[in-house]
Amino acid sequence: EDQVTQSPEALRLQEGESSSLNCSYTVSGLRGLFWYRQDPGKGPEFLFTLYSAGEEKEKERLKATLTKKESFLHITAPKPEDSATYLCAAQTNTDKLIFGTGTRLQVFP
Amino acid sequence: KAGVTQTPRYLIKTRGQQVTLSCSPISGHRSVSWYQQTPGQGLQFLFEYFSETQRNKGNFPGRFSGRQFSNSRSEMNVSTLELGDSALYLCASSPMATGANVLTFGAGSRLTVL
Chain A
452 EDQVTQSPEA LRLQEGESSS LNCSYTVSGL RGLFWYRQDP GKGPEFLFTL YSAGEEKEKE
512 RLKATLTKKE SFLHITAPKP EDSATYLCAA QTNTDKLIFG TGTRLQVFP
Chain B
3 KAGVTQTPRY LIKTRGQQVT LSCSPISGHR SVSWYQQTPG QGLQFLFEYF SETQRNKGNF
63 PGRFSGRQFS NSRSEMNVST LELGDSALYL CASSPMATGA NVLTFGAGSR LTVL
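Those sequence lines, one after another, are chains A and B.
First residue of the first sequence? That's 452 in the numbering used here, and the numbers climb one at a time after it.
First residue of the second sequence? That's 3 in the numbering used here, and the numbers climb one at a time after it.
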């Protein structure tokens, strides 16, 4: 069964304290691994797409990496405005997008 | 460039009633997907439409249905509402239906069933 699991469920960081979010996936024929950010009261907003193991993408303080079984979202020196829920999703070879339940990140000044 | 528009943003219904939610995709986007988001289950895929045809369907009962019009606008309907249908319903659009497409989400319609 296709499954995406994210950990931890919640993460509290001090401003400047770097950390990583994990996304483990088991899907039939990964077509792409997506990271989205969701702020309260809003829909998810696209961050990255990763296609193959070993691929990395960066945007400001965020870097996403992909292996054959999991993806990591590394947050370097986070700021309070990085507080949000981060969702990962795996697209299967039948084009279904399976989402994890997300990691709720809080960054305190 | 206008984003994905969902209406209504909030609504309250009682058990047994039905509800229709509307989604206007980004201009030029032909694929529309619907998701149900709840605190315990996260985002769960409902269905996807492309060029007025349902391409994919999630594991939801037949009370959940949808359709897409020739202008790519989409509606979803939930009949015989149950308490467990209370959720945020998100619509997302993308230019195409195949491949690793980036979804652009609307802000959602928050349904409360009493």
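Note that CB positions come from ideal geometry on N, CA and C, so glycine has one too.
In whole angstroms, give me the CA-to-CA distance for residue i and residue j.
i: L498 (chain A); j: S471 (chain A); result: 15 Å
i: F485 (chain A); j: F107 (chain B); result: 14 Å
i: Q454 (chain A); j: Y476 (chain A); result: 6 Å
i: R120 (chain B); j: T16 (chain B); result: Residue 120 (chain B) is absent from the model: chain B starts at 3 and stops at 116.
i: L67 (chain B); j: N103 (chain B); result: Sequence inspection shows Ser at residue 67 (chain B); the Leu mentioned does not correspond to that position. When rounded, the distance between both Cα atoms is 23 Å.
i: F559 (chain A); j: E54 (chain B); result: 46 Å
i: E466 (chain A); j: I14 (chain B); result: 39 Å
i: S24 (chain B); j: G5 (chain B); result: 14 Å
i: F52 (chain B); j: S29 (chain B); result: 14 Å
i: K514 (chain A); j: S35 (chain B); result: 27 Å
i: Q46 (chain B); j: V478 (chain A); result: 15 Å
i: L116 (chain B); j: L85 (chain B); result: 6 Å
i: N544 (chain A); j: S88 (chain B); result: 31 Å
i: S96 (chain B); j: S74 (chain B); result: 11 Å
Which of helix, strand or coil does DSSP assign to residue i?
i: L85 (chain B); result: helix
i: E532 (chain A); result: helix
i: L116 (chain B); result: coil
i: V104 (chain B); result: coil
i: G68 (chain B); result: strand
i: N73 (chain B); result: coil
i: H31 (chain B); result: coil
i: K493 (chain A); result: coil
i: N61 (chain B); result: coil
i: T545 (chain A); result: coil
i: L13 (chain B); result: strand
Would you say residue i faces chain B, with C-beta separation under 8 Å as the test?
i: K493 (chain A); result: yes
Exposed or buried, which one is residue i when buried takes at least 16 other CB atoms within 10 Å?
i: L538 (chain A); result: buried
i: M78 (chain B); result: buried
i: F71 (chain B); result: exposed
i: Q20 (chain B); result: exposed
i: G44 (chain B); result: buried
i: P63 (chain B); result: exposed
i: K547 (chain A); result: buried
i: R488 (chain A); result: buried
i: R65 (chain B); result: exposed
i: E50 (chain B); result: buried
i: Y37 (chain B); result: buried
Any C-beta of chain A sitting closer than 8 Å to the C-beta of residue i?
i: N61 (chain B); result: no
i: G44 (chain B); result: yes
i: V104 (chain B); result: yes
i: N73 (chain B); result: no
i: F66 (chain B); result: no
i: F107 (chain B); result: yes
i: F2 (chain B); result: Residue 2 (chain B) is absent from the model: chain B starts at 3 and stops at 116.
**Prompt:** Which residues, in order along the segment 19–33 of chain B, keep a beta-carbon less than 9 Å from a beta-carbon of chain A?
**Reply:** Correct list: empty, as no residue qualifies.
**Prompt:** What residues in the segment 529–560 of chain A have a beta carbon less than 8 Å from any beta carbon of chain B?
**Reply:** The segment 529–560 of chain A vs chain B, Cβ under 8 Å: L538, A540, Q542, T545, D546, K547, L548, I549, F550, G551, T552 and G553.
**Message:** Against chain B, which members of the segment 453–480 of chain A pass a CB distance test of less than 7 Å?
**Reply:** Sequence-ordered contacts of the segment 453–480 of chain A with chain B are nonexistent [C-beta pairs closer than 7 Å].
**Request:** Can you give me, in chain order, the residues of the segment 491–521 of chain A that have a beta carbon less than 8 Å from any beta carbon in chain B?
**Result:** Within the segment 491–521 of chain A, the residues whose Cβ lies closer than 8 Å to some Cβ of chain B are G492, K493, G494, P495, E496, F497, T500 and Y502, listed in chain order.
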